[in-house]
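Enquirer: Protein chains in written order, with this note's numbering: chain A, 1 to 113; chain B, 114 to 238. Quick reminder that beta carbons are idealized off the backbone N, C-alpha and C, glycines included. The structure that follows is given in the form of C-alpha cells.
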Amino acid sequence: QSALTQPPSASGSPGQSVTISCTGTISDIGVYNYVSWYQQHPGKAPKLMIYEVSKRPSGVPDRFSGSKSGNTASLIVSGLQAEDEADYYCSCTSYEGSNNVVVFGGGTKLTVL
Amino acid sequence: EVQLLESGGGLVQPGGSLRLSCAASGFTFSNYAMGWVRQAPGKGLEWVSGISGGAYSTYYAVSVKGRFTISRDNSKNTLYLQMDSLRGDDTAVYYCAKDQGGAVAGRPYWSFDLWGRGTLVTVSS
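Written out as C-alpha cells, the structure reads:
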C-alpha cells in the first residue's frame with residue numbers, strides 16, 4: 001500500500017489555472033477509475049471535490065475538474081480564487097482479492113499568490 | 114441536519130486501548146458504507162478502515178490490521194473503532210467518513226462525501 005505521489009506545493013495567481021498531479025502505479029490508478037480529490041482548509045475536515053476521476057459532487061464549482069492518463073490523475077483548478085488556497089489530497093481505491101485498499105497521496109499545498 | 118460526530122478520543126499510554134464512536138444523523142445510515150481516516154499532526158490523510166452498510170464486510174489498512182476493529186450498530190446510527198495495542202504512530206486526528214454510495218460488484222468505491230470534525234487520539238507515556 002504505497003502512497004500516491006503528489007507535488008508538495010503548487011501556486012497560481014487569481015484567475016489563472018493550476019494542475020495538481022497524482023501519480024500511482026499500474027496496480028491502482030493505472031487500472032482503476034476510483035480516484036477522488038479532497039480539499040482541506042487548515043483545522044477543517046476534508047471535503048470531496050472530485051470522485052471517479054472526473055465527476056463533481058453537487059455544490060462543487062465547475063472550476064474544479066479531474067482527469068487521468070495512464071498511472072497519473074490530475075486535478076485542474078481554473079479561475080483560481082483566494083478561497084481555493086488549501087491542501088489537496090488524491091486517493092485511489094483498488095481491489096486485491098477480497099480486500100479493498102484505499103491509498104492517499106501525500107497532499108499538495110495550493111497557494112493563491 | 115446531515116452530520117457525523119466523533120467522540121472517544123484522548124490520551125492513552127502505549128499498549129493501551131481506546132474506542133471511538135461516530136454518531137450519524139440526517140441520512141439513512143444503514144444504506145452506506147462508512148470508514149475511518151486519520152491524520153497525524155502536520156501530516157497527510159491515511160485510510161484506516163471501512164465497513165459495508167450491512168456490516169457484512171470489513172476492511173483494514175495493513176498498518177492497523179489485527180489491532181483495530183471496525184463495527185457499526187445500525188439501530189443506533191453509530192460507527193465504532195476499537196483500537197488495541199496502540200502505538201505512538203497511531204497518534205492522529207481520527208475522522209469518521211460516509212461513503213458516497215457507489216459500488217462495483219457490491220464493493221464500495223470508498224469515496225467519502227461526508228466527514229466528521231475528527232477526534233484526537235494521542236498515544237504517549
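1) Have a look at A/P8, A/A82 and A/V103 and flag the residue whose alpha-carbon is nearest the alpha-carbon of A/S21.
2) By the three-class DSSP mapping on this structure, what secondary structure does A/A82 have?
3) Which residues, in order along the stretch 46-64 of chain A, keep a beta-carbon less than 8 Å from a beta-carbon of chain B?
4) Would you mind stating whether B/Y208 and B/W223 have Cβ atoms separated by less than 9 Å?
5) Are the C-beta of A/S91 and some C-beta of chain B separated by less than 9 Å?
6) According to DSSP, is B/N144 part of a helix, a strand, or is it coil?
7) Mapping DSSP to helix, strand and coil, what is B/G201?
8) Listed in chain order, which residues of the stretch 168-179 of chain B have Cβ atoms closer than 7 Å to some Cβ of chain A?
9) I need the DSSP call for B/E159, collapsed to helix, strand or coil.
10) Cα-Cα, which of B/S120, B/G121, B/D186 and B/R132 is closest to B/S198?
11) Return no unless some Cβ of chain A is closer than 9 Å to the Cβ of B/L233.
12) Could you give the residue range of the beta strand (DSSP E) that holds A/E52?
13) Could you pull out every residue in the same chain whose Cβ sits closer than 7 Å to the Cβ of B/R200, ignoring the five residues on either side in sequence?
14) Residues of chain A with CB under 8 Å from B/R220, in chain order?
15) I want to see whether chain A comes within less than 9 Å of B/G123, judged by CB atoms only; does it?
16) For chain B, find out if any of its Cβ atoms is closer than 9 Å to the Cβ of A/G117; answer yes or no.
Expert: The structure says:
1) Counting from 1 along the first sequence, the entry for residue 21 of chain A is found at position 21. Ranking the options by Cα distance to A/S21, first place goes to A/P8.
2) For the purposes of this step, residue 82 of chain A is taken as residue 82 along the first sequence, with counting starting at 1. For A/A82, the secondary structure class from DSSP, reduced to helix, strand or coil, is helix.
3) When C-beta distances to chain B are compared with 8 Å, the residues of the stretch 46-64 of chain A below that value are P46, K47, L48, Y51, E52 and P57, in chain order.
4) For the purposes of this step, residue 208 of chain B is taken as residue 95 along the second sequence, with counting starting at 1. For the purposes of this step, residue 223 of chain B is taken as residue 110 along the second sequence, with counting starting at 1. Between B/Y208 and B/W223, the C-beta gap is not smaller than 9 Å, which leaves the two residues out of contact.
5) The residue given as residue 91 of chain A occupies position 91 in the first sequence. Chain B contact via Cβ: present.
6) As a first step, residue 144 of chain B must be located in the second sequence, where it is residue number 31. In this structure, DSSP gives B/N144 a helical state, which the three-state scheme calls helix.
7) As a first step, residue 201 of chain B is located in the second sequence; it is residue number 88 there, counting from the start. Shown here, B/G201 sits in a helix according to DSSP, grouped into three states.
8) Taking 7 Å as the upper bound on Cβ-Cβ separation, chain A lies near residues Y172, A174 and V175 of the stretch 168-179 of chain B.
9) The residue you call residue 159 of chain B lines up with position 46 of the second sequence. Here B/E159 sits in strand by DSSP.
10) Within the second sequence, residue 198 of chain B is the residue found at index 85, counting from 1. For the residues B/S120, B/G121, B/D186 and B/R132, the minimum Cα distance to B/S198 belongs to B/R132.
11) What you label residue 233 of chain B is simply residue 120 of the second sequence in a count that begins at 1. No, its Cβ sits nowhere closer than 9 Å to a Cβ of chain A.
12) As a working note, residue 52 of chain A is residue 52 in the first sequence. Per DSSP, A/E52 belongs to no beta strand (DSSP E) and is neither H nor E.
13) Here residue 200 of chain B is taken as the residue at index 87 of the second sequence, counted from 1. Once the five neighbours on either side are set aside, the close Cβ partners of B/R200 are P127 and V236.
14) Taking the first residue of the second sequence as position 1, residue 220 of chain B is located at position 107. When 8 Å is used as the limit between beta carbons, B/R220 is near these residues of chain A: Y95 and N100, in chain order.
15) Residue mapping note: residue 123 of chain B aligns to position 10 of the second sequence, counting from 1. B/G123 does not count as touching chain A.
16) This structure cannot speak to residue 117 of chain A, because chain A is shown only from 1 to 113.
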